[in-house]
Every structure is written in C-alpha cells, then in structure tokens.
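Q: Before I ask anything, let me first share the structure, which is written out below as structure tokens.
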Amino acid sequence: MRKGYPIALKNGISGSIFRYRCNFQYVKNKKRQRNRILRQKNQIENQKENQIEKQKEKQKEKQKEKHIKSM
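So, in structure tokens, the structure goes:
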C-alpha cells in the first residue's frame, strides 16, 4: 500500500477511491511528462528546419551576388 493509505481511511475516503485517485495523479503526471518530451522534440526539429532554411537563403544570396558580379 501507499504511504498515505491509513490517513485516507481516517479521513473517511475508502481505500479503492484513494488508490484510484493516486493512480489518476500518476497517469496525469505521465501524460504531462510525455507531452513535455514531445514538445521538446518538436522544438529541436523546428530549430533544425530553421537552420536548413537559413542556410538555403544564404546560398541563394551568394548566388545572386556572384551573378551580379559576373555581369
């Protein structure tokens, strides 16, 4: 049993409900943790995409400069 189980019984909460509530909090925290991890992954992917876009823009600018110089 969990540490707080006897206190819950003293306060009038039956054991099954108390266990359900503890499990519910556990599941909620798991979902939050999973969402946080997914958000971090998405941020990293977005940063990589932005870097690639910036590199492409720089290459285009260099090509334009070369083209202008050659004229």
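Under UniProt numbering, the residue at position 8 of the sequence shown is numbered 8, and the numbers go up by one with no gaps.
Built from N, CA and C at the ideal position, the CB exists for glycine as well.
If we ignore side chains and look at the alpha-carbon of each, how far apart do asparagine 23 and asparagine 29 end up?
A: Within the model, the alpha-carbon separation for asparagine 23 versus asparagine 29 is close to 10 Å.
Q: Suppose you measure from the CA of glutamate 45 to the CA of glutamine 59; what does that come to, to the nearest Å?
A: 21 Å
Q: Using the Cα positions of lysine 56 and glutamine 25, report the straight-line distance between them to the nearest angstrom.
A: Note on geometry: alpha-carbon atoms of lysine 56 and glutamine 25 lie some 47 Å from one another.
Q: When you compare only the Cα positions, how much space is there between asparagine 50 and glutamate 61?
A: So the alpha carbons of these two residues sit roughly 17 Å apart.
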